[in-house]
Structure formats: C-alpha cells, structure tokens
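So the protein lines, in turn, are chains A and B. Here the first sequence is numbered in numbering that gives the first Met the number 0, starting from 0 and rising by one per residue. Here the second sequence is numbered in numbering that gives the first Met the number 0, starting from 0 and rising by one per residue.
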Amino acid sequence: MSLWLAVAFWLAAWGVNAALAHSRIAGWRVVRIAIPTLFGVAVLVLWEGVVKGFGVAEVILPAPSRIGVAIGANLPILWIDFVQTILKGGLTGYVLGTAAAVLVAVLVDRVPFLRRGLLPIGNFMAALPIVGIAPIMVMWFGFDWHSKAAVVVVMVFFPVLVNMVAGLCASERMQRDLMATWGASYWQALFKLRLPAAMPFLFNGMKIAATLALIGAIVAENFGSPTRGMGFRISTAVGQLALPLVWAEIAVAALAGSVLFGLVALVEKRVTFWHPSQRGR
Amino acid sequence: MKSAPVLVVFAVIVALWYAGAVWLNAPWTYDQAARAGADVTLTQLLSDTMAQKRPVLPAPHQVVAELWRGVTGYAVTSKRSLIYHGYVTLVTTFSGFLLGSVMGILMAIGIVRSRTLELGMMPWAIISQTIPVVALAPMIVVLSNSLGLGEGLGVSNALVSKTIIAAYLSYFPVLVGMIKGLRSPDQMQLDQLKTYNASEVQGFVKLRLPASVPYLFASLKVAIAASLVGAIVGELPTGAIEGLGARMLIGSQFGSPIIVWAALFAAAILAGVLILLLRTLETIVVRRMGERA
Chain A
0 MSLWLAVAFW
10 LAAWGVNAAL
20 AHSRIAGWRV
30 VRIAIPTLFG
40 VAVLVLWEGV
50 VKGFGVAEVI
60 LPAPSRIGVA
70 IGANLPILWI
80 DFVQTILKGG
90 LTGYVLGTAA
100 AVLVAVLVDR
110 VPFLRRGLLP
120 IGNFMAALPI
130 VGIAPIMVMW
140 FGFDWHSKAA
150 VVVVMVFFPV
160 LVNMVAGLCA
170 SERMQRDLMA
180 TWGASYWQAL
190 FKLRLPAAMP
200 FLFNGMKIAA
210 TLALIGAIVA
220 ENFGSPTRGM
230 GFRISTAVGQ
240 LALPLVWAEI
250 AVAALAGSVL
260 FGLVALVEKR
270 VTFWHPSQRG
280 R
Chain B
0 MKSAPVLVVF
10 AVIVALWYAG
20 AVWLNAPWTY
30 DQAARAGADV
40 TLTQLLSDTM
50 AQKRPVLPAP
60 HQVVAELWRG
70 VTGYAVTSKR
80 SLIYHGYVTL
90 VTTFSGFLLG
100 SVMGILMAIG
110 IVRSRTLELG
120 MMPWAIISQT
130 IPVVALAPMI
140 VVLSNSLGLG
150 EGLGVSNALV
160 SKTIIAAYLS
170 YFPVLVGMIK
180 GLRSPDQMQL
190 DQLKTYNASE
200 VQGFVKLRLP
210 ASVPYLFASL
220 KVAIAASLVG
230 AIVGELPTGA
240 IEGLGARMLI
250 GSQFGSPIIV
260 WAALFAAAIL
270 AGVLILLLRT
280 LETIVVRRMG
290 ERA
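Structure (structure tokens):
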C-alpha cells in the first residue's frame, strides 16, 4: 500500500516538475529551487515507500524517517564528531593548504624557472591518489586531528596551486601593458590587477578542494583516530549494525560538504561579481 | 631543453628528501647511541639514518628498493607482491571507471535531451559530489554484502562495492564534460543538419556525439584518476585484504613506513601509466576522426 502511494507521489512530482520545467515561469528563481527540491523529496518518499512496502530490514536499509529519528536522538554525538572531523581536521587543513598554495603560486609566477620546473610536477601530483599519504601523516602527527589536517593540507595544495598559477596568467597583455605605462611596481600590479584577475581560477580550485578536504579528513581516520570523529563513528557503528546512526553521520557529512561548497560559491559570487559567468543571471 | 628545469626541480626535491630523512631519523640514532653509551660521528649518522628499519621518513633509495623487491622479488601470485596488489587495484579502477563513464555519459544524454531532468537532477549531481564518498563507503559495503550483488554477477561482493565507490567518484567529471561537449555544436551546424532534413536521432549521432569526443577525453583523464582514488579508498573498509590501499593499511598497522611509501609510489606510477594510456588512446581516436593538430 505504502509502496503504491510512494510511486504515485513520485509520478505526480515528476508531472509537476515536467510542467514547471516547460512552463514560462521556468526561469524564476523560486522555480529553479523548487524543481530539484521536489525531485529530492520524491526520492525520499520513494525510498520510504520501498523500505516500508517490501519490509526491508533495518540492518540493510533504514527508512528516511528512522534516520531522522536517529539524528534527533544522537545530536550530542553528531556535534562532537562534526567538530572533530570537519571543523578541526577538515577546515584547518583546508585554510592552511589553500593559503600555502596561493603563496607558492605567486612565487612560481615570479620565478620563470620554477614555473617550467615545478608546474609539470604539480600537475602530475594533482592527478595522483594523494589520500595514500594518510597513513604516513598519522605516523608523523599522531592520532588526533593534526594528522587529519596535514593530509587535507597536502590534498588541497596541488589543485589550488595549479589553478592559481593559471589564474595569475589570466590578465590580458593589454591590461598588463597599461599597468606598466602607469609605472606600477610589481606588487602594485599584482594586487590591483593580477590577483583580482586570478580570483575565478582560485575559486574553481577551491571548489574542487572543498570536497577533497572532507574526503581526506574522513579517510585519515581509517588509519587511527581518537574515539570520536565521523570516520571513526561510521566504521564502528557499521560493526555494531547501528545503521540509522551511520546514515545520520552520512547526512551530516553530506550537509557539511554541501554547506562548505555553498559557502565557497557564495564568496565567489561576491568577489568575482565582474566575471561573465557570474553576470547576466 | 624543455625538461631541464623539471629535472633540476626533481633533483632538488630528492636532495631535500635525503636531508629530511637524516634530520627526521637522527633523534632515533642519537637515542640508540646514548643507550649504548657511544658517540655518533657524522659518517655514522649519515649511514644509520638512511638504513633504519622503521624510519620516520625512509630515504628515497630505501623506498625504491622496497618497490623493486615488491615488483620483482616475489611470485606474481604472492600476497607480498606489489604486482598482485596493483593488479587488484587496477581491476577495481577499470571496472569503476567503466561503470562511472557509462553512467556519466547516459546521464549527460538524458540531461541534454530532457529539460525536466536537467532542472531536477543536475543540482543533485552537484550535491552528490559534495558528499564525501568515504562516509558512504562502509554503507555500500554492507549493502552489497547483504544484497549479494556480487554472487548474482559471478564476482566477489567486495569487488562490487569497490567498483560502486570508484564509479561514484568518476562519473561526475564525465557528466560535466559530456554535457559541455554535447552542447558544443553551434547554431550554424545545427541549422545545416536541419537543411539536410536530418531527424533528431541522426543529428545526435552524426553531429553531437562526434563533437563531444574531445571534451569526453579531457574528462576521462580526470575520471580515471578519480576512479583510482575511489579504488584505494574502497579497499579500506572492505576488509583491506588485497590491493594497494590494503597494503598501505597493513604497513601503517605494523608500523613499517617503507611498505606504506612503496605502496604509495606504486599507486602513483599506476596513475601515471593510466593517464598516459588514455592520452595515447585520445591521439589515436582523434586522428581516426580526421583531426589534424
């Protein structure tokens, strides 16, 4: 019964979405948010319906309503894990790694030799499975969040570096010549022209790095962690078959990832309002 | 000499590495000497810090030696052979890459063809990438074990879950690249097909698909690197018995850094080879399609 209701809801939601997408109001902001939201709600309802309808055991796949209850019941634990993994491990590493990459990028840009020598290596490193350094960092910096932050620093560093170096070349010849005719020093030209011109590239790299940061912070916990943290909690809760708690952690991780990505996108919108990709919306 | 700066920087990195090895491993050497009541001369310090069994930072030649031993020292079927572990990871990488690419291409076609899908699904595809897949990994393992997906397909459950994790990481670049590629034909070319009275499907097969190939290859290179990361990450919660990721976990649990470093380098070499392979394939395909450049 609940299965059919869910399927009916899914079809109805699809119909509404199709109508909305092809209607004249499809360009509206509210509609642009409403359509994916309805899509997501429909998936949740279908999930609930399938679990209830087929009587799927909780140890295989808990229903969304059960996960919601688990989130409500475990708020203190979820908060401790969030602070440990996301705020201490992930964000610290993210900020440090990005800052280091920007500084090195300016240096690489200044010294042509480094650009020819370091950049190919950086490009290569950006494609490598850097998560592999997690066990080494845990050996060096111990089990607590410092080792997680170190992993994140290294993972974040190369994508940001590669993008930032590309960004520093993004200003046009004409613009740089104009700076020269005004007698601008290297630093003046850097701060007034080339750094602002590099911002779209920097944010591109930071968006890629945002997801990498969370992956690094959670993976590193597999190689040893104190008795808190999201990666630790997930692997122990799976062992205890406490699946609603596992899904609650996943929901928090998803939320944290989306919020971090959203924040970066928001700052990008503020900083690079002049860029064609941000205008005309 | 285009590669000269690269070689110089590379040499500097290796030199720094040696210096770091001496510096980081020195406390242990001094500690041992103090216990034995002996003094440490400079030559002793240098030779000892580069040949410790459990160094804080192994010297490059130690890692290379371990790598060489892992590749050539054991039979290919041995659990200590890096070829064996590399092969396991490679199989996962390829299956994840295939599944992810096919999914990415199909989703891109769907999104390009249907406005409802584009508005409804695209935001979720983006959100799916902000979810750290490693959080989902143990869940995927439990699910594929209890559903017995692997038995139905005639492979192990572990391979199925690792493949799903790798595919989850690799589908997104393909999706984004393919959408861009399928939309790359300009209005003039679309109009031309209309004058030929081509049907929607014909236009898709003869114009949009070929136009998307360069974009596809660019994103495939990103996707295979992502798939390798997924394969390594996926090996951690799946019992960590075989594969390069498992090798790293074993090395870290037994406190032997050289094993970890060797596995890390094996993974790096694997990534390099895979990207090189795709680049070759790209050149061949693009040349077949008549591109000159």
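Virtual Cβ for every residue (Gly too), placed ideally from N, Cα, C.
Which of the residues in the stretch 276-292 of chain B, read from start to end, lie with their CB under 7 Å from any CB of chain A? Close to chain A, meaning a Cβ-Cβ distance shorter than 7 Å, is no residue of the stretch 276-292 of chain B at all.
Cα-Cα separation, H274 (chain A) to L127 (chain A): Put simply, the backbone Cα of H274 (chain A) is about 31 Å away from that of L127 (chain A).
Taking the C-alpha atoms as reference points, what is the distance between I34 (chain A) and Q252 (chain B)? Answer to the nearest angstrom: the Cα atoms are 48 Å apart.
Counting pairs of Cβ atoms below 8 Å between the stretch 243-263 of chain A and the stretch 268-284 of chain B, do you hit three or more? With the cut-off at 8 Å, the stretch 243-263 of chain A and the stretch 268-284 of chain B do not touch.
Taking 8 Å as the CB-CB cut-off, is M163 (chain A) touching chain B? So, not an interface residue.
Rounded to whole angstroms, what's the CA-CA distance from A252 (chain A) to A209 (chain A)? Just pull it up for me. Between A252 (chain A) and A209 (chain A), the C-alpha separation is close to 12 Å.
Are there 16 or more other CB atoms within 10 angstroms of the CB of Y195 (chain B), so buried, or fewer, so exposed? Exposed, because fewer than 16 other Cβ atoms sit within 10 Å of the Cβ of Y195 (chain B).
For H60 (chain B), which three-state DSSP category applies? H60 (chain B): helix per DSSP, three-state reduction.
For L118 (chain B) and V29 (chain A), what's the separation of their Cα atoms in angstroms? Their backbone Cα atoms lie some 12 Å apart in a straight line.
I'd like the span of the alpha helix (DSSP H) that includes D47 (chain B), first residue to last. Segment L41 to T48, the alpha helix (DSSP H) holding D47 (chain B).
For the stretch 261-275 of chain A and the stretch 87-107 of chain A, state whether three or more C-beta atom pairs, one from each stretch, are separated by less than 8 Å. The way I'd put it, the stretch 261-275 of chain A doesn't touch the stretch 87-107 of chain A; fewer than three beta-carbon pairs between them come closer than 8 Å.
Check whether the stretch 57-67 of chain B touches the stretch 15-26 of chain B, counting contact only when three or more Cβ pairs, one atom from each stretch, lie closer than 8 Å. Pairwise C-beta distances place the stretch 57-67 of chain B in contact with the stretch 15-26 of chain B, as three or more of them are shorter than 8 Å.
Could you check which residue in A:S257, A:G228, A:L242 and A:L254 has the C-alpha nearest to that of P301 (chain A)? Here chain A comprises residues numbered 0 to 280, so residue 301 (chain A) is not present and cannot be evaluated.
Three-state class that DSSP yields for A283 (chain A) in the structure shown: Lying before the first or after the last residue shown, residue 283 (chain A) is absent from chain A, which here runs from 0 to 280.
Tell me whether the beta-carbon of F171 (chain B) lies closer than 8 Å to the beta-carbon of A107 (chain B). Not closer than 8 Å, so no.
Are the C-beta atoms of W16 (chain B) and some chain A residue less than 8 Å apart? No, because no Cβ of chain A sits closer than 8 Å to the Cβ of W16 (chain B).
Between L105 (chain B) and P209 (chain B), what straight-line distance do the alpha-carbon atoms span, to the nearest angstrom? Put simply, the backbone Cα of L105 (chain B) is about 15 Å away from that of P209 (chain B).
Counting Cβ pairs, one atom from each stretch, are 3 or more of them under 8 Å apart for the stretch 131-144 of chain B and the stretch 187-207 of chain B? The stretch 131-144 of chain B vs the stretch 187-207 of chain B: no contact.
Inter-residue Cα distance where the pair is E281 (chain B) and D30 (chain B): Looking at the two C-alpha atoms, the distance is approximately 55 Å.
V232 (chain B) beta carbon less than 8 Å from that of V130 (chain A): With respect to V232 (chain B), V130 (chain A) sits close: the two C-beta atoms are nearer than 8 Å.
Return no unless some Cβ of chain A is closer than 8 Å to the Cβ of G176 (chain B). Answer no: the Cβ-Cβ gap between G176 (chain B) and chain A never drops below 8 Å.
Please list the terminal residues of the continuous alpha helix (DSSP H) segment that includes S226 (chain B). DSSP places S226 (chain B) in the uninterrupted alpha helix (DSSP H) bounded by L208 to E234.
Hey, out of B:V140, B:P4 and B:G103, whose CA is closest to A157 (chain B)'s CA? B:V140 is the residue among B:V140, B:P4 and B:G103 whose C-alpha sits nearest the C-alpha of A157 (chain B).
Would you mind stating whether F142 (chain A) and P225 (chain A) have Cβ atoms separated by less than 8 Å? The answer is yes: Cβ separation under 8 Å.
Between the Cα of V150 (chain A) and the Cα atoms of A:R269, A:T97 and A:V55, which residue gives the shortest distance? Taking each of A:R269, A:T97 and A:V55 in turn and checking the Cα distance to V150 (chain A), the smallest one comes out for A:T97.
Please name the residues in the stretch 8-24 of chain A whose beta-carbon is closer than 8 Å to at least one beta-carbon of chain B, in chain order. Under the 8 Å Cβ criterion, the stretch 8-24 of chain A contributes W13, N16, A17, L19, A20 and H21.
Report yes or no: do three or more beta-carbon pairs, one from the stretch 257-267 of chain B and one from the stretch 209-225 of chain B, lie closer than 8 Å? Because the criterion of three Cβ pairs below 8 Å is not met, the stretch 257-267 of chain B and the stretch 209-225 of chain B do not touch.
In chain B, which residues lie less than 8 Å from G39 (chain A) when you measure between Cβ atoms? Simply W123.
Answer with buried or exposed for T48 (chain B), where buried requires no fewer than 16 other C-beta atoms within 10 angstroms of its C-beta. Taking every protein chain shown into account, the CB of T48 (chain B) has 16 or more other CB atoms within 10 angstroms, so this residue is buried.
Under a CB-based cut-off of 8 Å, is L208 (chain B) close to chain A? Judged by the 8 Å Cβ criterion, L208 (chain B) is not in contact with chain A.
Cα-Cα separation, A17 (chain A) to L174 (chain B): Distance between the alpha carbons of A17 (chain A) and L174 (chain B): 21 Å.
Roughly how many angstroms lie between the CA atoms of I132 (chain A) and A224 (chain B), to the nearest whole one? Cα to Cα, I132 (chain A) sits roughly 16 Å from A224 (chain B).
Closest by CA to V94 (chain A), which one among A:A241, A:V50, A:F202 and A:G230? The option with the nearest alpha carbon to V94 (chain A) is A:F202.
Uninterrupted beta strand (DSSP E) stretches inside the stretch 246-286 of chain B (no shorter than 3 residues): As far as the stretch 246-286 of chain B is concerned, it has no whole beta strand (DSSP E) run of at least 3 residues.
Please state the DSSP three-state secondary structure of L240 (chain A). Secondary structure at L240 (chain A): coil, using DSSP grouped into helix, strand and coil.
Could you compute how far the alpha carbon of G39 (chain A) sits from the alpha carbon of G52 (chain A)? Those two C-alpha atoms are separated by around 20 Å.
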